[in-house]
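Asker: Got a structure here, written out as structure tokens. Questions coming.
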Amino acid sequence: MTETTLVSSTGRLGTESRSVAEHLHFVRQMALYVILAISALFMIVPFLWMLSTSLKADQYVLTMPPQFIPRPLTLDSYVRLAELFPIRRMFFNSLLVATLTTLGQLVTCSMAAYAFARMRFKGSNALFLVYLATLMVPFQVTITPLFILMRYLGWTNTYQGLILPCVFSAFGTFLLRQFFLTIPQELEEAAFIDGASHWTVYWRIILPVSKPALASLGVLSFMGSWNAFLWPLLVVRDVDLMTLPVGLATLHGRWLTQWNLVMAGTVITVVPMLAVYLLAQQYFVRGVVLSGIKG
Amino acid sequence: MVGERGLGKLAWVLVFVSPSLVGLAVFSVIPILASLGLTLYEWDLLTPPHFVGLGNFQRLIHERNFWAALAHTLYFIVGYIPLVMVIALGVAVILNQKLKSVVLFRTAFFIPVVSAWVAVALLWKWIFNPKFGIVNYLLGLVGIHGPAWLFDPQWAMPAIIITSVWKDIGFVMMMFLAGLQGIPAEYYDAAAIDGAGGWQRFRYITLPLLSPTAFFALIMSLINSFQVFDQVRIMTGGGPAGATSVLVEQIVKNAFDYSRMGYAAALSWALFLLIFTATVFQMRLQKHWVTYD
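Going down the list, the protein sequences come from chains F and G. Residues in the first sequence are numbered consecutively from 1, following my numbering. Residues in the second sequence are numbered consecutively from 296, following my numbering.
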């Protein structure tokens, strides 16, 4: 009964109402675009304001009403920032720390993940549980003893102090292990019969087919390291060893109202990460969705 | 056995596991255990450590700063979580409508996610500037005299919450989008044939099928927001008049400004307990609202 009425009503809808439905659909789509555009503006405008402030001369920064398009447009704040502040050194530090941390994580995590996913050994489950357990403890719990350890080793104000404590990641191991578990066994069985060692299988078979997972972990750890604040803030006091985020905080403390200089610094910090994001979008999206697991 | 040319099996396992294992032991497992031990001592790093038993925890319970920081952290969570979840869900649902140029919009929401917290916090400190910031300029256009924001004890936390929501919408949205894409299109087609309207489809298909994702996003946001620090450190330093001091801020201050290592460790374990309890509590609650197939 209900079915027949339904069929007949949709049948009647047929020709004469189609254009109405299409119009409704169009209006709805347009409304959604407008909502999206407004909210996207809300996300973008602050960044344009950042850029605009950084391109202003001193006397046009603190004005009311604010000048949205700088006139005259000047790179003066960037030049002065480079003169007054070791911003180039900080950029280099950030790049070095992020690159080495990422490489270190990729190597150590993938090796451990290989053992956990592809080798059966006694106690592997118990050991893996220890890895998972460390994920539950927030980083703040470890910073006090870690800082004491750094002082004891004489690693405060050193690159190894900035890098090494961040190289070993239980999260990265977990992420890669999950991926390695999905790789079929046949390939490596053939290799083993041909007399290949575990190292050959890891290096020649597992790593090449895991490129997407390695890329996801890579961009994630690069981003984490490039943007990190708390640990670099604690372990480094020497200006020449500061990474960009710590340097920015110092810069802000020193020139409280020089917003054009401060914003130039933030542009220098944000733009490289944006470039990496635009180049590796798909890995970012996957990595960030997965990183929810990190906590 | 195969694959163990030259070396014994255990040797191969050691080759693969030990770099990670030694590193994690030194920089994570041992510090965690040491931190637990440290809670029993008073230590300023200059004089030898002094055993105080549970004294640090007793002190914590009686310290006003701890309760204030806890209250501010909870204030942050109560303001931040509902806003970021609801807005991110809304944006994700719209972005999931097979619109053109979705990638462009997705990118717009994702830029703050990949930006350093320090940069974002400085930017919004400038935007919230009471005299020359654009927020108060825009409020002025509609005849509202804006507050002093980060310099006003009443408005500092709302400003930090707004900034944090702005930064994290893209992150939570991305999780929701992944969840939405996992809902089979046939469900919606079937509902449309049955004459279900847009709202009904959202209420009876999208929401229940998205609830596991929402649960996951909620847990993650909750854990992260208990650890709120970078933006507070940059935007207010815990001020004005201590109005935005949060738990991690207290840990850092006690350890590195006042050299109270044991007390800072005790604070960090209190934070862990809070996160753990909140997570377990959410796990318990989930059966009342999360639908699994």
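Every residue, glycine too, gets a C-beta built ideally from N, C-alpha and C. These numbers were taken from a predicted model, which means no experiment stands behind them.
Compare the C-beta of Val236 (chain F) against all C-beta atoms of chain G and say whether one is closer than 8 Å.
Answerer: For Val236 (chain F), the answer is no, since every Cβ of chain G falls outside 8 Å of its Cβ.
Asker: Along the chain, where does the alpha helix (DSSP H) containing Thr265 (chain F) start, and where does it finish?
Answerer: A small correction: the amino acid at residue 265 (chain F) is Gly; Thr does not occupy that position in the sequence shown. It spans 259-279 - the alpha helix (DSSP H) in which Gly265 (chain F) sits, taken as one unbroken run.
Asker: Please report how far the alpha carbon of Ser221 (chain F) lies from the alpha carbon of Ala411 (chain G), in whole angstroms.
Answerer: One C-alpha to the other measures close to 13 Å.
Asker: Going by DSSP in three states, Glu337 (chain G) sits in which element: helix, strand or coil?
Answerer: Residue state, collapsed to three classes: strand.
Asker: Cβ closer than 8 Å: which chain F residues qualify as neighbours of Lys304 (chain G)?
Answerer: In chain order: Met119, Phe121.
Asker: Counting Cβ pairs closer than 8 Å, one from the stretch 158-175 of chain F and one from the stretch 96-112 of chain F, do we hit at least three?
Answerer: Touching, yes, given that three or more Cβ pairs across the two stretches are closer than 8 Å.
Asker: Taking the DSSP output, what are the residues bridged to His345 (chain G)?
Answerer: Answer is G:Glu337, bridged to His345 (chain G).
Asker: When the Cβ atoms of the stretch 425-442 of chain G are set against those of the stretch 546-558 of chain G, are three or more pairs found closer than 8 Å?
Answerer: The stretch 425-442 of chain G is not in contact with the stretch 546-558 of chain G.
Asker: Quick check on this structure: which residue in G:Gln526, G:Lys420, G:Thr539 has the alpha carbon closest to the alpha carbon of Gln258 (chain F)?
Answerer: Ranking G:Gln526, G:Lys420, G:Thr539 by Cα distance to Gln258 (chain F) puts G:Lys420 first.
Asker: Is there a Cβ of chain G sitting closer than 8 Å to that of Ile163 (chain F), yes or no?
Answerer: Not an interface residue.
Asker: Quick check: the Cα distance between Leu175 (chain F) and Leu106 (chain F), rounded to an integer number of angstroms?
Answerer: Cα-Cα distance, rounded: 11 Å.
Asker: Would you call Trp564 (chain G) buried or exposed, if buried means 16 or more other Cβ atoms sit within 10 Å of its Cβ?
Answerer: With 16 or more other Cβ atoms within 10 Å, it is buried.
Asker: Closer than 8 Å, CB to CB, is Phe85 (chain F) near chain G or not?
Answerer: Not an interface residue.
Asker: Closer than 9 Å by beta-carbon distance: list the chain F residues that pair up with Ser520 (chain G), in chain order.
Answerer: Near Ser520 (chain G) there are no residues of chain F at all, since even the closest Cβ is about 11 Å away, more than 9 Å.
Asker: From the beta carbon of Thr250 (chain F), is the nearest beta carbon of chain G less than 8 Å away?
Answerer: Chain G contact via Cβ: absent.
Asker: Find the nearest neighbour of Ala337 (chain G) within the set G:Leu562, G:Thr402, G:Pro448, G:Ala306, judged by alpha-carbon distance.
Answerer: The amino acid at residue 337 (chain G) is misidentified as Ala; the sequence shows Glu. Looking at the Cα atoms, G:Leu562 is the closest of the given residues.
Asker: Could you spell out the range, first to last residue, of the alpha helix (DSSP H) harbouring Lys211 (chain F)?
Answerer: From DSSP, the alpha helix (DSSP H) with Lys211 (chain F) extends over 211-227.
Asker: Where do the ends of the alpha helix (DSSP H) carrying Tyr131 (chain F) lie?
Answerer: Unbroken alpha helix (DSSP H) run through Tyr131 (chain F): 124-136.
Asker: Could you check the C-alpha separation between Leu475 (chain G) and Ala280 (chain F) for me, to the nearest Å?
Answerer: Cα-Cα distance, rounded: 23 Å.
Asker: May I ask you to report which of helix, strand or coil DSSP gives Gly295 (chain F)?
Answerer: Confidence is the limiting factor: at Gly295 (chain F) the pLDDT is only 32, short of 50, which leaves the residue's position unreliable, though a coordinate-based value still follows. In the structure shown, Gly295 (chain F) sits in coil (DSSP, three-state: anything other than H, G, I, E or B).
Asker: Taking just the CA atoms, how far does Ala115 (chain F) sit from Ala329 (chain G)?
Answerer: Going from the Cα of Ala329 (chain G) to the Cα of Ala115 (chain F) covers about 28 Å.
Asker: How many angstroms separate the CA atom of Pro70 (chain F) from the CA atom of Ala403 (chain G)?
Answerer: Distance between the alpha carbons of Pro70 (chain F) and Ala403 (chain G) is about 23 Å.
Asker: Just to confirm, are Tyr558 (chain G) and Asn351 (chain G) a CB contact at a threshold of 8 Å?
Answerer: A contact, by the Cβ cut-off of 8 Å.
Asker: Identify whether Trp255 (chain F) lies in helix, strand or coil by the three-state DSSP scheme.
Answerer: Of the three classes helix, strand and coil, the one that applies to Trp255 (chain F) here is coil, per DSSP.
Asker: By DSSP, does Gln526 (chain G) sit in helix, in strand, or in coil?
Answerer: Note: Gln526 (chain G) maps to helix in three-state DSSP.
Asker: Suppose you measure from the CA of Phe576 (chain G) to the CA of Pro377 (chain G); what does that come to, to the nearest Å?
Answerer: Distance between the alpha carbons of Phe576 (chain G) and Pro377 (chain G) is about 17 Å.
Asker: Whether or not the stretch 513-525 of chain G and the stretch 485-504 of chain G are in contact is what I'm after, with contact meaning three or more pairs of Cβ atoms, one per stretch, closer than 8 Å; do they touch?
Answerer: Contact fails: fewer than three Cβ-Cβ distances are below 8 Å.
Asker: Taking Trp450 (chain G) as the reference, which of G:Ile439, G:Arg359, G:Tyr482, G:Thr539 has the closest Cα?
Answerer: Measuring from the Cα of Trp450 (chain G), the nearest candidate turns out to be G:Thr539.
Asker: Measure the beta-carbon distance from Phe168 (chain F) to Phe322 (chain G) and round it to whole angstroms, keeping in mind my assumption that it falls under 8 Å.
Answerer: That pair is a contact at about 6 Å.
Asker: Consider the Cβ of Leu340 (chain G): report whether some Cβ of chain F lies at a distance smaller than 8 Å.
Answerer: Closer than 8 Å to some Cβ of chain F, the Cβ of Leu340 (chain G) qualifies, so yes.
Asker: Given that a residue counts as buried once 16 or more other Cβ atoms are within 10 Å of its Cβ, and exposed if not, what is Phe311 (chain G)?
Answerer: So Phe311 (chain G) ends up on the buried side.
Asker: Would you say Ser8 (chain F) faces chain G, with C-beta separation under 8 Å as the test?
Answerer: In this prediction, Ser8 (chain F) scores a pLDDT of 41, lower than 50, which makes its location untrustworthy; the coordinate-derived value is nonetheless stated afterwards. No, no contact with chain G.
Asker: Looking at chain F, is there any beta carbon in it that lies within less than 8 Å of the beta carbon of Gln392 (chain G)?
Answerer: Chain F, which has a Cβ nearer than 8 Å to the Cβ of Gln392 (chain G), makes this yes.
Asker: Determine the direct distance from the alpha carbon of Met263 (chain F) to that of Ser197 (chain F), and round the result to whole angstroms.
Answerer: Using only the alpha carbons, I get a separation of about 54 Å.
Asker: Tell me, please, whether the CB atom of Glu3 (chain F) is closer than 8 Å to any CB atom in chain G?
Answerer: Confidence is the limiting factor: at Glu3 (chain F) the pLDDT is only 40, short of 50, which leaves the residue's position unreliable, though a coordinate-based value still follows. Glu3 (chain F) does not count as touching chain G.
Asker: On the three-state DSSP scale, how would you describe Leu55 (chain F)?
Answerer: In this structure, Leu55 (chain F) counts as coil in the three-state DSSP scheme.
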